[in-house]
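Let me begin by presenting the structure, written as structure tokens, before commenting on it.
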Amino acid sequence: MSTTQLFTITFYLVVPFWALMILAPRWSVTVRIIASPWIAAPPLVCYAILLVPHLGELWAVMSRPDLETLREFLGSPIGAAGLWAHLVGYDLLVGRWMYADSRVRGVHPLAMAPILLVTILLSPFGLLAYLLVRSAHPGAPTTGTPSSPPAPEAEPSPPAPEAEPSPPVPEAATSPPAASGDRRP
């Protein structure tokens, strides 16, 4: 598969996850799928396919970063496609965290949709916008964590049938036993 094809495929591998978070945020299927951090695996596999053959070159660039060397590497098709896969995977993890955290904090999905859209395109701005919105929702319910969305709400169980009242107990049965020599009529 060519570098160009991998570059193109990388984004399309994450589109379904973004669509679920934006278009169907309350659907139980969305909640279950987005709860898994493995949703970021597809673009990271593309990253590995692109860069494992160039690991020596990548290591040389990243182990001693220098602006000119990094610019040169990222200016190559492999470097640009690898960076793209890296960004797409990590942006999805950021979006996943924002989605899960917003559900725990009770941020309305209509407020989250534009923030998630910005995060797809310009992740740092989307994250900053969410952090501002998040500060307006400081109290979070005790269920769920920012790393895992709360479980879908279960259907309420039917009320328990009312117990039949027990018959009154005769007074003699509730009186303390008579002491020896005590005679009660």
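Okay, so the sequence shown: first residue is 1 according to the working numbering, each after it adds one.
Cβ coordinates follow ideal geometry from the N, Cα and C atoms, glycine included.
Values in this document were obtained by computation on a predicted structure and should not be read as measured data.
How would you write the range of the alpha helix (DSSP H) that residue i sits in, first residue to last?
{"i": "Ala136", "result": "From DSSP, Ala136 is part of no alpha helix (DSSP H); its letter is neither H nor E."}
{"i": "Asp66", "result": "Element bounds for Asp66: n/a, residue is neither H nor E."}
{"i": "Leu20", "result": "3 to 23"}
{"i": "Val88", "result": "77 to 105"}
{"i": "Ser28", "result": "28 to 34"}
{"i": "Pro187", "result": "Lying before the first or after the last residue shown, residue 187 is absent from the chain, which here runs from 1 to 185."}
Would you say the beta carbon of residue i comes nearer than 7 Å to a heavy atom of the ligand GTP?
{"i": "Ala85", "result": "The model on display carries no ligand, and the ligand GTP is accordingly not part of it."}
Anyone know if the C-beta pair for residue i and residue j falls short of 8 Å?
{"i": "Ala116", "j": "Pro37", "result": "Sequence inspection shows Leu at residue 116; the Ala mentioned does not correspond to that position. Cβ distance not < 8 Å, so Leu116 and Pro37 don't count as in contact."}
{"i": "Val133", "j": "Val104", "result": "no"}
{"i": "Ala85", "j": "Leu50", "result": "yes"}
{"i": "Cys46", "j": "Thr3", "result": "no"}
{"i": "Pro43", "j": "Val15", "result": "no"}
{"i": "Tyr99", "j": "Ile33", "result": "no"}
{"i": "Ile39", "j": "Ala113", "result": "no"}
{"i": "Ala129", "j": "Val118", "result": "yes"}
Excluding the 5 residues flanking residue i on each side, which residues of the same chain have their C-beta closer than 6 Å to its C-beta?
{"i": "His127", "result": "For clarity, residue 127 is Leu in the given sequence; the question names His instead. Cβ within range, chain order: Val94."}
{"i": "Asp91", "result": "Ser123"}
Within a Cβ cutoff of 8 Å, which residues of the same chain sit near residue i, ignoring the five residues on either side of it in sequence?
{"i": "Pro146", "result": "Here Pro146 scores only 49 on pLDDT, less than 50, and its place in the model should not be relied on; the value that follows carries that caveat. Here the set comprises Trp97, Ala100, Asp101, Val104."}
Note down, in chain order, each residue of its chain lying with its Cβ closer than 7 Å to the Cβ of residue i, except the 5 sequence neighbours on either side.
{"i": "Ala111", "result": "Val133"}
- Query: Does the segment 18 to 34 come within contact of the segment 66 to 84, defined as at least 3 CB pairs closer than 8 Å?
  - Reply: no
- Message: Between the segment 46 to 62 and the segment 74 to 86, can you find at least three pairs of beta-carbon atoms closer than 8 Å?
- Response: yes
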